[in-house]
Each structure stands twice: as C-alpha cells, then as structure tokens.
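Visitor: Mind looking over this structure? Questions follow.
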Amino acid sequence: MSLEKKDDYDHKGWMKTKDLTPVETTFLTVLIWLDKRLRIVDYLELMETLYYRVNLQMPKSHTEQYNLDNKFWYWYPLYTLGLFSTLSYIVAAVSGALLGFYYSPAQGNPEEATVAYNSIAFIMQDLQFGFMLRSIHRWSAQVMVAAVFLHMLRVYFTGSYKEPRELNWILGIILISLTMVFGYTGYLLPWDQLAFWAGQIGVEMSLSIPLAGEWAAQLLFGGFTLSQATLQRMYIIHVFLLPFVVTTLIAIHIGIVWVQGIAEPH
Ligand code: HEM
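Take any residue in the sequence shown, count from 1 to its spot, add 2: that is its number in our numbering.
So, in structure tokens, the structure goes:
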C-alpha cells in the first residue's frame, strides 16, 4: 500500500470518511444505525442472493437461448393485453377504495329508497367529482373484463398455454372467473332495479343446481329472496374477499411469467 493510500485509512484500518459526499455519509450513518439494531445488512444480503436466484429464469426463451437479434415479436400489440388487464385492475381497485368512503351496503327502512341506493345518488349528484369517480370505476371494470378475455384469446391463439405454461393457464381460468364474480357482485351494490333483478336471476340459477341448490342460495344470497343479507354478502365478497384473492393470484400469475419468460408464438 502506498503512503498516499495509507492516509486514507485510520489506525483501525477503517476508511476515513473525509472524501465521502454528504449523501454517502448520511446513507452510511443510517445504514450502520439500522444495522446495529436490526441486523439489516444480513437481510439485505439475503435479498440480494434471492434476487439472483429468482433471476435464473427457466427455460430461457428461444430468442435469448440462441441470442437472436429478431425480437420483433416482443412488440406484437396483443402481447400487451395482460399488462392492460393489470392496469385496469389497479385503476378499478384505487377508484373502488375511494368509492368505499361514501358507499354504504344498507337497506334501511323498507318503505323508503334504500341507504345503498341513496349513497350512490349522493355520489352521483352531490359529491365533488363523484360521478367521475363512479364512471372511472365502472369503465375500468368493464375494460378489465374485455382485456382479460382478449388476453386469453391471445394466449390461446399463440399456443402459449402449452408446456411448461399449463399452470398459468389454469390460474388464468380462475382469474377470469373471479373477474366475472367481481363484476356481478359490484353490479348488485347500487341496489337499483337492475341490481335487484340480476340478484333474482342469481338466486334462481343457484336454486337450479341439483342437490346443492338450496344450500348454495343460502350461502351466496342469504336466502331464497333478496334481502339485507344478500346485499351484505355481495359487499363483503366485492370489497374484502376478492381484492385480496385476485391481487395475490395476479401477483403469482405475473411471477410465473417472470420466471418462465414469455412464450414465443408457436
Ligand atoms: C386478471 C386477469 C389476468 C391478468 C392481470 C393477467 C396478466 C398477465 C400478464 C401481464 C402476462 C404477461 C404476458 C402478456 O401480457 O401477454 C400474462 C401471461 C399469461 N397469461 Fe395472463 N392474465 C390474466 C388472465 C389470464 C387468463 C384468463 C388466462 C387464460 C386462461 C391467462 C393465461 C396466461 C398465460 C398462459 C400466460 C403466459 C403467456 C406467455 O408466456 O406468452 N391469463 N398474464
């Protein structure tokens, strides 16, 4: 070590901090403070190892494996439909969370318009930009249904469901089904005429199931006629159950695409 370099270290062999920028000094001070209390450096190293492990994609795509320059297919517009589904889901989730501040799933006095219906009327007529919030939620929901369906067609016609992507296809079937349940339960929430009669159709469809029909109607709709129990169930499925389940499944779905790489058109 040259004399000049030796000066950069103190008697313990630690690098002197005189040449560090204020940003670097702050970063190191915070890191050391956290590390003394939470062993944060160990965990950062663990995450780094995990990052490299996860990035060992399998199998490599054809283009990567043979280092082909022709990556034109990456830009096929239909390959963006999965992302489009994800984005519309995010818009629906955020606008839905905001609508939740004003909506109430209550029937109230049976002689009057229900509390649920009135809360939608309030959003549409009195709340600043409420009509816009509700429209964004409805439109993003419908765009999501269309995008998911078209995404499924793209996966089918490019043969991307074949080995080793069968699991993601099955996960996709579950996702499109849950997307429709999202749509149905949301459709009932305004508790207007459209909702009420769509609910009635749901009860009768459940009742038509052989053997388990009555049980299914009780479980899903809280009885054989529509009531407060029905609205409450639709609300909890729509704003509590489905958001957790669908968000988790989309994360796993995209995680699998990340690990496997996108399939090339067959
Ligand atoms: C909430 C619904 C869904 C979301 C958010 C979603 C998201 C995505 C995304 C972002 C990709 C990456 C490739 C691309 O964008 O095309 C993808 C790939 C894939 N998705 Fe979906 N998807 C959904 C529903 C479905 C459905 C309904 C199916 C089929 C039943 C499906 C099957 C697949 C398969 C097999 C792949 C791998 C395709 C390949 O490697 O080229 N997904 N999905």
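Quick reminder that beta carbons are idealized off the backbone N, C-alpha and C, glycines included.
Count the other C-beta atoms from every protein chain shown that fall within 10 angstroms of the C-beta of A253, then say buried if there are 16 or more, exposed otherwise.
Guide: exposed
Visitor: Just to check, is the beta-carbon of A265 closer than 7 Å to a non-hydrogen atom of the ligand HEM?
Guide: yes
Visitor: Does M3 come out as helix, strand or coil in the three-state DSSP assignment?
Guide: For M3, the pLDDT reaches just 46, beneath the cut-off of 50, and the residue's location in the model is therefore unreliable, although a value from the coordinates is still provided. In this structure, M3 counts as coil in the three-state DSSP scheme.
Visitor: Can you name, in chain order, every residue of its own chain whose Cβ lies under 7 Å from the Cβ of G185, other than the five neighbours on each side?
Guide: A143 and V147
Visitor: Helix, strand or coil for Y45? Go by DSSP, reduced to three states.
Guide: Note: Y45 maps to helix in three-state DSSP.
Visitor: Which same chain residues, not among the five before or five after G84, have their C-beta less than 7 Å away from its C-beta?
Guide: If you ignore the 5 residues before and after G84, its C-beta comes within less than 7 Å of the C-beta of H153, all in its own chain and listed in chain order.
Visitor: Determine the burial state of W193: buried for a count of at least 16 other Cβ atoms within 10 Å of its Cβ, exposed for fewer.
Guide: buried
Visitor: DSSP state of Y78, grouped into three classes?
Guide: coil
Visitor: Can you give me the Cβ contacts of L196 inside the same chain, cut-off strictly under 8 Å, excluding the 5 residues immediately before and after it?
Guide: Excluding positions up to five away in sequence, the list reads Y189.
Visitor: My guess is that L135 and L177 are in contact by the Cβ rule of under 8 Å, so how many angstroms apart are they, rounded?
Guide: That pair is no contact at about 25 Å.
Visitor: With DSSP run on the structure shown, which of helix, strand or coil describes Y91?
Guide: helix
Visitor: Is any non-hydrogen atom of the ligand HEM found closer than 7 Å to the C-beta of R55, if you look at the structure I gave you?
Guide: Checking every heavy atom of the ligand HEM against the Cβ of R55, none is found closer than 7 Å.
Visitor: Measure the Cβ-Cβ separation of M236 and T160 and say whether it is below 8 Å.
Guide: no
Visitor: Looking only at DSSP bridge pairs, what is Y105 linked to?
Guide: For Y105, which the question treats as bridged, DSSP gives no partner whatsoever.
Visitor: Looking only at its chain, what residues have a beta carbon closer than 6 Å to the beta carbon of M3, apart from the 5 residues adjacent to it on each side?
Guide: Only weak support exists for where M3 lies, its pLDDT of 46 falling under 50; the value from the coordinates is given anyway. The answer is none, since no qualifying residue turns up.
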